[in-house]
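Student:
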Amino acid sequence: MNIDLRQIGIVKSLNDKREGIIEIFPQYLEGLEGIENFSHIILLAWLHKVSEEQRNTLKVKPMRIQDLPNVGVFCTHSPHRPNPIALSIVRLTERKNNLLYVQNLDLFEETPILDIKTVSPSFCPKDIKVPEWNKELEKYKK
Numbered sequence: 830m831n832i833d834l835r836q837i838g839i840v841k842s843l844n845d846k847r848e849g850i851i852e853i854f855p856q857y858l859e860g861l862e863g864i865e866n867f868s869h870i871i872l873l874a875w876l877h878k879v880s881e882e883q884r885n886t887l888k889v890k891p892m893r894i895q896d897l898p899n900v901g902v903f904c905t906h907s908p909h910r911p912n913p914i915a916l917s918i919v920r921l922t923e924r925k926n927n928l929l930y931v932q933n934l935d936l937f938e939e940t941p942i943l944d945i946k947t948v949s950p951s952f953c954p955k956d957i958k959v960p961e962w963n964k965e966l967e968k969y970k971k
């Protein structure tokens, strides 16, 4: 099976406050119609800096925190995984033509964007269960 992904944009102009601009390529501009009516969007991105060796990683320390147990990579948001696809939920503050101004961006500059989806309360789960080590991550978040 061959999977064909198309890059629709790229991360531009990051600053140290985790604010940035997502530049959507002109041929996908029509797909942005109405997106400015949403406060948050989901970015799916290709983590192009992940090496072939890192793509073979199946167990990791969550957020590289040594006090936490090794767990399967699919239990984490580690970039080191067989398919280095990132999911990033950001606040959309403004749209100017093909440029999306966002906050809470956790992607590097020049990261390829594969897709965008909107965040809607009807898709957010209500009863979320997580293991104890996952609850510990809150201590380490900046």
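For the sequence shown, this note's numbering begins at 830 and goes up steadily by one. Backbone N, C-alpha and C fix where the C-beta goes; we use that ideal spot for every residue, glycine too.
If you draw a straight line from the alpha carbon of L876 to that of K958, how long is it in whole angstroms?
Tutor: Their Cα atoms are separated by approximately 27 Å.
Student: Look at the alpha carbon of E967 and the alpha carbon of I851, and state the distance between them as a whole number of angstroms.
Tutor: Roughly 27 Å between the two C-alpha positions.
Student: By a C-beta neighbour count over all protein chains shown, 10 Å radius and 16 as the cutoff for buried, is S842 buried or exposed?
Tutor: The residue in question, S842, is exposed, as its Cβ has fewer than 16 Cβ neighbours within 10 Å.
Student: Determine the extent of the beta strand (DSSP E) in which K841 is found, giving its start and end residues.
Tutor: Taken as a continuous stretch (DSSP letters only), the beta strand (DSSP E) holding K841 covers G838 to K841.
Student: Have a look at V840 and W962 and give me their C-alpha separation to the nearest angstrom.
Tutor: Spanning the two alpha carbons is a distance of roughly 31 Å.
Student: Which residue comes first and which comes last in the beta strand (DSSP E) that contains K925?
Tutor: First-last of the beta strand (DSSP E) with K925: I914 to K925.
Student: I'd like to know whether the C-beta atoms of S900 and T886 end up nearer to each other than 7 Å.
Tutor: Note that residue 900 is Val in the sequence shown here, rather than Ser. No. Outside cutoff.
Student: DSSP state of L876, grouped into three classes?
Tutor: If DSSP states are grouped into helix, strand and coil, L876 belongs with coil.
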